[in-house]
Every structure is written in C-alpha cells, then in structure tokens.
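Numbered as in numbering that gives the first Met the number 0, the sequence shown ends at 409 without a single skipped number. All C-beta atoms, glycine included, are put in the ideal place defined by N, C-alpha and C. To keep things clear, I will list the structure first and then write my remarks on it.
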Amino acid sequence: MSVPSSNPQTKDFRVAIVGGGIGGLFCAISLRKSGVPFDIFEAAAQFGEVGAGIGFAPNSEAAMRYLGIFEDYMRVANHRDRYSVILGNETHDHVADMLPHGGPVTSIHRAHLLDVLLKHVPSESSHLKKRCERVEQVSADPPLYRIHFHDGTTHEANLVIGADGIRSVVRDSVLGYRVEPRYVGTRAYRGIFPAQEWLKTIGPENETSLLIVSGLGKIDLVGFVSEPLERRFSEGTDILPPGEPWVQPANKEQALADFVDMPGPFVKTALNSIERMTVWKIHCLWPPLPTYVKDGIALLGDAAHGTTPHCGQGAGQALEDSYILGQLLGHPKTTLQTLRSTLAIYDEIRRPRGNKVVEYSLETGNVWEGWGANGESVEGRKLDAEGRLDWIWQHDINQDAERAIAILEA
C-alpha cells in the first residue's frame, strides 16, 4: 500500500524510528503528516501489541486530529461518558466519577487500534524482523548514526528516534549507561470475558462501571495486587531476575486466593469467567530520566517515560510526544544543521510533563490502594481522588506545540 505524504517537503536529513509499537506508529504518522521522510524498524515479524484493551482520555483528541486519525479511530472505539473508581467493598462505594471535559474518554482493543494506525503508515517505509542491538555514532557534526540489527544488517540515519519501549536499547546511547526498569511491587491479573456473563451477577444498574474493550461486548479485567508500600523499590525487590518475563500465564487458583478477602461475588465471578488469564508485573522508569535527547537521538513513549497504568496515560503520552516531534521536525527551520537544537526544544517541552506523569501515576496507584494523604476510608479516598486527573485530561497540547515553534523561530 502506498500512503503519500500529506505535506510533501524536501528535508536534508534522514530519520529512523526504532520500534513499531503504538508509540512508533504514532510517530511515523506524525512525521508523514509533517512531510518528514522516515524508515520504521520493528523487531517482530509483524506489527503487533501485547495486551487487550487500551484507553485514551480527552488530552489525546487534539493530537489525533492533527495526525488525521481521529475519525478513523472514533469509528471503532468505544465511547465512555464517565471514568469511575468503585471500591470492591460490599456497598461498592463510588470513590470518583471523572467526567470528561473537552474531548472523549474512549477504549479500544489494541488489535483494532493497530488496524487504524497501519492504514496511515507507508509499507515501503516499514521494515520487520529488525531488532536493534546498538546505535553507533558515525559523525557528531552533522549527526550521523549507524543502527546495528540482530540479523547483521545496518541502517544509517541522521536522526534516530527510540520508540523501542520501556526496555529500550536506544536509550543506552542517549544516557551513556544502561537503565533497567524497576518493578513497582504491583502485579495485575488480566483477561477478557463476555460482558453478559458478569452483568447477570452485578445487575444492569452497574453496567456503566465496565470497561468494554471491543464491539463484541468484552470486558477487560485488570485486578491489581500490591506489596506493602514500604517495600516499594526496596533493595532486591525492584529488579526481577534476568530473563524472567514480566507477563506470564496466570494460575486462576492463585488469583482467587489473592482476592479471597474481596467481599461479594463480583470479582470472583469475573476471575472465574476468564479462560486465558495473565499476570503482569508492573514496571516503570524510576527515577525519571534526566534527558530524552542527545545530539541526533530522541526518545519517545515508554522509552522516555515508561509509567504505571494508574493514570491510563502510557499511549496518550506517546501520542503527545509524536505530535510535538512532528511539529518541530516538519518546520522549515529544522535542517540537518539544526537537528540538535530542535531536539533540545522537544526535550524542554515534553520531559517535564512526561516525567510528571510517571511520578503522578505512582501516587495515583497509592490513592486507589488507600495509601493517599487522606487514608483508606471512603471519604479519604474521595478527597485524594477529587480532580486528580484534571491536569492531565485538560492539558492543551496545541499550546505546547505553539510554544515549541515559538522557541524554534526565536
């Protein structure tokens, strides 16, 4: 399939995107929209994503509209008129009802999202089975890099964008040392099951609290189990043994045992309804990175600010990164000679917000556990949850883009 650039330009630099997950594809679409030629390299034999459902909040709409994917996305996404936090106690108290302002709250199956994104990425720019092993600097001024792949091949580019996930290899070349993601002491049981089965148990009055991840009426269950707060990031528990997978098939009996104290039939019914369950050991980049760029290399998405899922912003922040990067790289003032200064602007605009989301998501997980400043009572959790996501959801990414361009043009 040939997908033409929507804003053809002549650029004197070559871009390589390492990583073809959701963040890498967002970046590819943003560069295409801005008229910046690129090649995207994915380690797997086909584009794909691990996991089931994924959500986007109101802060994602402006970037999706710029990328030209909003209408395609909304045709297959599931609209949610609220984002509710409900306790698993017998009375199922509502801790928070977060109503969206300025855009939709939506969810979608990852496979369906990939279908939307791949329609906007030129096949001739996509390269599969290309696992990056290292990035070698060939020249500093102007920047030129040689990417070495597992199959022995190489590729040269003036700008390398590391969208290769939380265990990024490209990140090593930005920082000059290896950063291992840290286990936060929380594991999540996850699986999909038919919505109707659960509705028989919980009753139709609670239907609005379900996360429907596909038009087939499936529910994506994510059940969190956390170690005591004082053990978080403690020595010897924050790095898993080498080679131990973060996501493994789950033992249903163990899952039921972990939730044995949960009152009522809701969680137990859900766990028993899942045929294929996994358990995910949640990691993040902590402490946050001191920079997202070095010379002609930039980090994006989880490679830059891998976060816990408690604010639902992993994909949303990768989308914001892609929007700002596309705006800057597509600008006429960005040339081979100005690449480094342009990337410094990207870092100035995106790093404070990306790093704050990492920190805030950890804090939000504490709030949902009852470890917030106001304690574990229903009222205490309500106080801690009030307006908690407003600064993320109501953020105007267009203002960030305007500020970035103003710095570039100054």
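In the structure shown, Tyr182 falls within a strand segment according to DSSP collapsed to helix, strand and coil. The closest CA to that of Val115, considering only Arg74, Asp346, Tyr144, Lys381, is found on Arg74. Note on the stretch 135-160: whole beta strand (DSSP E) runs with a minimum of 3 residues are 143-148, 153-156, in chain order.
Nearest to Ala44 by C-alpha distance, out of Val266, Arg130, Ile273, is Arg130.
As far as DSSP is concerned, Tyr65 takes part in no beta bridge.
As for any alpha helix (DSSP H) of minimum length 4 sitting wholly inside the stretch 245-273, the runs are 251-257, 265-272, ordered along the chain.
Around His91, the same chain offers Ile85 as residues with beta carbons nearer than 7 Å, after the five sequence neighbours per side are excluded. For Tyr291, the closest of Asp346, Pro248, Asn58, Thr9 by C-alpha to C-alpha distance is Asp346. In the DSSP assignment, Val224 forms a beta bridge with Arg186.
Contact between the stretch 354-371 and the stretch 294-308 is established, with three or more Cβ pairs separated by less than 8 Å.
The stretch 337-346 makes no contact with the stretch 379-388; the number of CB pairs closer than 8 Å stays below 3.
Annotation for Cys26: the continuous alpha helix (DSSP H) segment containing it runs 21-32.
A residue is called buried when at least 16 other Cβ atoms come within 10 angstroms of its Cβ; Gln312 meets this threshold and is buried. Pairing Asp320 with Gly22 gives a Cβ-Cβ distance under 9 Å.
Judged by pairs of C-beta atoms under 8 Å, the stretch 140-153 does not touch the stretch 265-284, as fewer than three such pairs exist.
Proximity of the stretch 326-336 to the stretch 381-397 falls short of the contact definition, fewer than three beta-carbon pairs being nearer than 8 Å. In the structure shown, Ala317 adopts helical secondary structure according to DSSP, grouped into three states. Setting aside the 5 residues that flank it on each side, Leu117 is surrounded in the same chain by Leu24, Phe46, each with a C-beta closer than 8 Å to its C-beta; the list follows chain order. Only residues of its own chain outside the window of five on either side were considered, and among them Met63, Val115 have a CB closer than 7 Å to the CB of Tyr72, listed in chain order. Residues of the same chain with a CB within less than 6 Å of the CB of Phe69, apart from the 5 flanking positions on each side, are Met63 in chain order. A direct Cα-to-Cα measurement between Ile406 and Pro286 gives close to 28 Å. Going by DSSP, Thr341 is part of the alpha helix (DSSP H) stretching over 338-368. If the five residues before and after Tyr359 are omitted, its C-beta is found closer than 7 Å to the C-beta atoms of Cys310, all from its own chain and listed in chain order. Counting other Cβ atoms within 10 Å of its Cβ, Arg387 reaches 16 or more and is therefore classed as buried. Rounded to the nearest whole angstrom, the CA to CA distance from Lys267 to Lys280 is 21 Å.
Residue environment: Thr153 is assigned as exposed (fewer than 16 neighbouring CB atoms within 10 Å of its CB, all protein chains considered). Of the other Cβ atoms in all chains shown, 16 or more fall within 10 Å of the Cβ of Val14; this residue is therefore buried. By the Cβ-count criterion, Arg181 is buried, with 16 or more other Cβ atoms from all chains shown falling within 10 Å of its own Cβ. For a cut-off of 8 Å, the C-beta gap from Leu298 to Val134 is around 12 Å, too long to register as a contact. Ranked by how close their Cα comes to the Cα of Val94, the residues Ser83, His119, Lys355, Pro248 have Ser83 in first place. Note: Thr277 is bridge-paired with Arg189, Pro248 in the DSSP secondary-structure output. Take the alpha-carbon of Ile16 and the one of Ala42: they are about 12 Å apart.
When C-alpha distances from Pro244 are compared across Leu255, Arg186, Gly222, the shortest belongs to Arg186. The C-beta of Arg350 has 16 or more other C-beta atoms within 10 Å across all chains shown, which makes the residue buried. Sixteen is the threshold: since fewer than 16 other Cβ atoms of the shown chains lie within 10 Å of the Cβ of Tyr176, the residue is exposed.
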